[in-house]
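Residue numbers (the UniProt record's numbering): 1 to 51.
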């Protein structure tokens, strides 16, 4: 989430770089949409890792 190309790279490791909208200055409804997107991505990632 925002790390992009500034994170160190370790061969053989899995990296997730989720592009998310910046919630700064937004009302509660747009922030809830972002929250729900993060939740869905985490649930999907957990399902993949546990499969």
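Cβ atoms here follow ideal geometry from the backbone N, Cα and C, with glycine treated the same way.
Is residue 20 helix, strand or coil by DSSP?
-> coil
Is there at least one Cβ from chain B nearer than 8 Å to residue 44's Cβ?
-> Absent from the structure is chain B; it holds one protein chain and no more.
Cα separation between residue 18 and residue 42?
-> 10 Å
Through-space distance from residue 40 to residue 23, alpha-carbon basis = 17 Å
Going straight from the alpha carbon of residue 8 to that of residue 20, what length do you get?
-> 20 Å
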